[in-house]
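Chemist: Input: one structure, supplied below.
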Amino acid sequence: MKSLFKISSRYVVTAALITLLVLTTNIAGILIYLSHISKGLEDSGMGRSEMTNIEKEMSKTAAGYEMSEAGYALLQNSACLWAMRLNNNGDVVWEYQLPDEISRHYSLSDVAVFSRWYLNDYPIFTWKNGDDLMVYGVNKHVARFDFMETFDFIRNFHRCFIYYFCSTCS
Numbered sequence: 001m002k003s004l005f006k007i008s009s010r011y012v013v014t015a016a017l018i019t020l021l022v023l024t025t026n027i028a029g030i031l032i033y034l035s036h037i038s039k040g041l042e043d044s045g046m047g048r049s050e051m052t053n054i055e056k057e058m059s060k061t062a063a064g065y066e067m068s069e070a071g072y073a074l075l076q077n078s079a080c081l082w083a084m085r086l087n088n089n090g091d092v093v094w095e096y097q098l099p100d101e102i103s104r105h106y107s108l109s110d111v112a113v114f115s116r117w118y119l120n121d122y123p124i125f126t127w128k129n130g131d132d133l134m135v136y137g138v139n140k141h142v143a144r145f146d147f148m149e150t151f152d153f154i155r156n157f158h159r160c161f162i163y164y165f166c167s168t169c170s
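Residue 47 in UniProt numbering sits at position 47 of the sequence shown; the count goes up by one each step and never skips.
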């Protein structure tokens, strides 16, 4: 009877340790993945704070718009390959390394289409700047995805993790 108890207790302890190992590995993997994503967003240089800082370095002159040297430095240190400023008429009133394939005029429907994150296969970030719109283009090898879920799913998201962890443990 003593050996049966010993075998059973070893089995239970081993199962608990394996479960703990799987849970720890999954949690570590998720944390590493989330930190990688947030670091990637930080490193992309295209967050709200970066776009706001770039915007602050732009001023309107009699000849149009001008970017300060600090603004150009911010653009060069970001993931931005090119940038443009559109006025209310859809005309480009300022540009930074704008590729030839990018149009210099946009209709309202064009803006609605590229505000879905892509313009001529360039992932873009848009930012309202006064009455104008700033558009920042990044490398074509970067992908942007739209994430849309119901509030019920988001409210119950923690249950997905619990179900996932329980299913990997069994």
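Backbone N, C-alpha and C define an ideal beta-carbon position, used for all residues, glycine too.
None of these values were measured; they are calculated from a predicted model.
1) With DSSP as the reference, label Asn-129 as helix, strand or coil.
2) What's the call for Asp-132, buried or exposed, on a 16-neighbour Cβ count within 10 Å?
3) Just to confirm the assignment: which complete alpha helix (DSSP H) runs, minimum length 4, are found wholly within the stretch 56-106?
4) Buried or exposed: Phe-157, going by 16 or more other Cβ atoms within 10 Å of its Cβ?
5) Is the stretch 99-107 in contact with the stretch 53-70, if contact means three or more CB pairs nearer than 8 Å?
6) Look at the alpha carbon of Ala-73 and the alpha carbon of Met-67, and state the distance between them as a whole number of angstroms.
7) By Cβ distance below 8 Å, which residues in the same chain neighbour residue 173 in space, the five residues on each side in sequence not counted?
8) Output the boundary residues of the alpha helix (DSSP H) element that contains Val-113.
9) Quick one: grab the DSSP three-state call for Val-138.
10) Which residue comes first and which comes last in the alpha helix (DSSP H) that contains Asp-152?
11) Under 8 Å Cβ to Cβ from Ala-143, same chain only, skipping five residues before and after it: list those, please.
12) Near Lys-140, what residues of its chain come up, given a Cβ to Cβ distance below 8 Å and the 5 sequence neighbours on each side ignored?
13) Buried or exposed for Glu-11, please, with buried defined as at least 16 other CB atoms from any protein chain shown within 10 angstroms of its CB.
Modeler: Taking the geometry as given:
1) Strand at Asn-129.
2) buried
3) 69-76
4) exposed
5) Because the criterion of three Cβ pairs below 8 Å is not met, the stretch 99-107 and the stretch 53-70 do not touch.
6) 10 Å
7) Because the chain is modelled from 1 through 170, residue 173 falls outside the range shown and cannot be assessed.
8) 108-114
9) strand
10) Counted as a single uninterrupted DSSP element, the alpha helix (DSSP H) harbouring Asp-152 occupies residues 151-155.
11) When the five nearest sequence neighbours on each side are left out, the beta carbons in the same chain lying within less than 8 Å of the beta carbon of Ala-143 are those of Pro-123, in order along the chain.
12) Asp-121, Tyr-122 and Pro-123
13) Before going further, note that residue 11 is Tyr rather than Glu in the sequence given. By the 10 Å Cβ count, Tyr-11 comes out exposed.
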